[in-house]
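The next block holds one structure in the form of structure tokens; read it before the comments.
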Amino acid sequence: MDGLAASPASSGPEAAAGCGELPVLRERGQREVFCGLTGIIWLHRKIQDAFFLVVGSRTCAHLLQSAAGVMIFAEPRFATAIIDERDLAGMSDANDELDRVVTRLIERRPDIRMLFLVGSCPSEVIKLDLSRAAQRLSKQFSPAVRVLNYSGSGIETTFTQGEDACLAALVPEMPAEPGSARSLLVVGALAEVVEDQFLRLFAALGVGPVRFLPSRRAAELPAVGKGTRFLLAQPFLAETARLLEARGAQRLAAPFPLGAEGTTEWLRAAAREWGVDAAKFDAVVAPGQARARAALAQRSERLAGKSIFFFPDSQLEIPLARFLSRECGMVLTEVGTPYLHRQHLAEELAMLPAGVTLSEGQHVDRQLDRCRATRPDITVCGLGLANPLEAEGLTTKWAIELVFTPIQGFEQAGDLAELFARPLVRRARLMV
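At position 141 of the sequence shown the residue is numbered 166 (our numbering), and the sequence of numbers has no breaks.
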């Protein structure tokens, strides 16, 4: 391994019964998505004393540097231990090489308190056991540094699953909640400004104590136990939720906090669990609702009546579709998502309009044909599809931007709508 250097089959869609009486097209075929390594770009900013060491190829290193826009002189908290030809040929001991790289990294960066060994397609192909390596290295460097591992491989996964895998690796490390103490856990990486806004709302409601996963510091992992109730802030955290439930925590069913409506119902789920009376709840959320609706009114004029098509990419598609349909007046043509977790999305599915086409999985050629046939006003897709579709005269929105941008909560509702209005404004200005 070199030193430190600072990508995913259908016999045709078949109908299946889904939540809310909506049929679901199951697609299996060629996919166009980033791999789970992409999640490092927002996770390394969130956990401020963690470091993400990808065990992969030079392609992995280029992906991370390109996605993050990191200059060569920067000191980001992620890097790649590059698997080269000697490793692939078995001419060197990959574990010895990994130990050498990790030792040098920790000596160079004494601020690291948690180190993630992140698997990639190359490391999985050569069957490098990063779980055992993490145990060995954690024993060597504890208590100063805790070493964990997860897979960011793009084999049969989509890019937001990198966050799910990372948070799932943290769950076994979380301390046990003492006795029957009750707490609320918000699960999913959120911008700090969004966290602070939610903390103020929960405090005003009398809900708490409130903790977040991931926490901002490695030493501040929240406790979990039978008294823990958790809200998912992101719809792509199925494995993390499963592991939390295995430790006794209970998920509060709710839509996701996108827009005025989604944020209100998300907060209401916690308020109901804590016995907050309706009058108090309405008084606390009313100012935020009013600001969100005022901001949305300014953007919805551009969006109302416009059609939108979602290619499967981030698993945010169904909550976004609900928001755009109900709060911005957009017309949904097709809503594709890589994976459809019916239990976690039950409330979202129930709020989708009748007649919308839902698809799960991806068959790029078939979905491109349907998109071209409907000629939507906006197409939400990955970077690999955006430029070709723009060349065909379609207006596109990059799906990955919706993960990188703070979009949750009342104060971000207008910004979320603006992300979809902006491509339409750009198109109008370019028209001759």
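Every residue, glycine too, gets a C-beta built ideally from N, C-alpha and C.
In this text, all values refer to a predicted model and were calculated from it rather than measured experimentally.
Item	Value
Could you work out which residue in 161, 318, 400, 108 is closest to residue 437 when comparing CA atoms only?	318
Go through the stretch 263-328 residue by residue and report every complete run of the alpha helix (DSSP H) that reaches 4 residues or more, in order.	263-271, 284-298, 303-328
Measure the C-alpha to C-alpha separation of residue 375 and residue 287 and round it to an integer number of angstroms.	13 Å
From residue 62 to residue 92, what distance separates their C-alpha atoms?	10 Å
Could you check whether residue 345 and residue 427 sit closer than 9 Å to each other, using their CB atoms as the reference points?	yes
When burial is assigned at 16 or more other CB atoms within 10 Å of the CB, is residue 380 buried or exposed?	exposed
On the three-state DSSP scale, how would you describe residue 331?	coil
Just tell me which of 332, 213, 77 has its CA closest to the CA of residue 170.	77
Could you name the residues of the same chain whose beta carbon sits closer than 8 Å to that of residue 328, not counting the 5 residues immediately before and after it, in chain order?	349, 353, 354, 355, 442, 445, 446, 449
Counting C-beta neighbours from all protein chains within 10 Å, is the total for residue 422 16 or more, i.e. buried, or is it exposed?	buried
On a Cα-Cα basis, can you pick out the residue from 207, 51, 361 that is closest to residue 250?	207
Quick check on residue 145: does DSSP put it in helix, strand or coil?	coil
Could you tell me the boundaries of the alpha helix (DSSP H) in which residue 392 lies?	389-399
Assign residue 105 to one of three DSSP states: helix, strand, or coil.	strand
Can you tell me whether DSSP reads residue 170 as helix, strand or coil?	coil
How about residue 214 and residue 258: are their beta carbons less than 9 Å apart?	yes
According to the neighbour-count rule (16 or more other Cβ atoms, all chains shown, within 10 Å of its Cβ), is residue 412 buried or exposed?	exposed
Buried or exposed, going by whether 16 or more other CB atoms sit within 10 Å of the CB of residue 205?	exposed
Reducing DSSP to helix, strand and coil, say where residue 445 ends up.	helix
How long is the line joining the alpha carbons of residue 72 and residue 203, rounded to whole angstroms?	25 Å
Leaving out the 5 sequence neighbours to the left and right, which residues in its chain are closer than 6 Å to residue 378 when beta-carbon positions are compared?	350
Identify the continuous alpha helix (DSSP H) that holds residue 72 and give its terminal residues.	Careful: residue 72 lies outside any alpha helix (DSSP H) and carries neither H nor E.
Please state whether DSSP places residue 193 in a helix, a strand or coil.	helix
Closest to residue 455 by C-alpha separation, out of 429, 440, 419, would be which residue?	419
For residue 81, write down the residues that DSSP places opposite it in a beta bridge.	107
Quick one, which of 70, 144, 433, 160 has its alpha-carbon nearest residue 187's?	144
In the DSSP assignment, what are the bridge partners of residue 238?	212
Would you mind sorting residue 97 into buried or exposed? The rule is 16 or more other CB atoms within 10 Å of its CB.	Low per-residue confidence applies at residue 97: pLDDT is 49, beneath 50, and the placement is therefore not dependable, though the value from the model is reported in the following sentence. Flag for residue 97 reads exposed.
Looking at residue 120: is its Cβ nearer than 9 Å to the Cβ of residue 142?	no
Can you tell me whether residue 37 is buried or exposed, with buried defined as 16 or more other CB within 10 angstroms of its CB?	Caution is warranted here: a pLDDT of 36 is assigned to residue 37, below 50, making its placement in the model unreliable, and no coordinate value can be reported.
Quick one: residues in its chain with C-beta nearer than 6 Å to the C-beta of residue 337, no 5 flanking neighbours on either side, listed in chain order?	361, 362, 363, 387
Compute the Euclidean distance between the alpha carbons of residue 453 and residue 439, then round it to the nearest angstrom.	20 Å
Have a look at the DSSP bridge pairing and note the partners of residue 9.	In this structure the chain extends from 26 to 457, so residue 9 is not present and cannot be described.
Should residue 218 be labelled buried (16 or more other beta-carbon atoms within 10 Å of its own) or exposed?	exposed
If distances are taken between C-alpha atoms only, which option among 193, 372, 228, 79 comes closest to residue 301?	228
Out of 309, 148, 152, 128, state which residue places its alpha-carbon closest to the alpha-carbon of residue 164.	128
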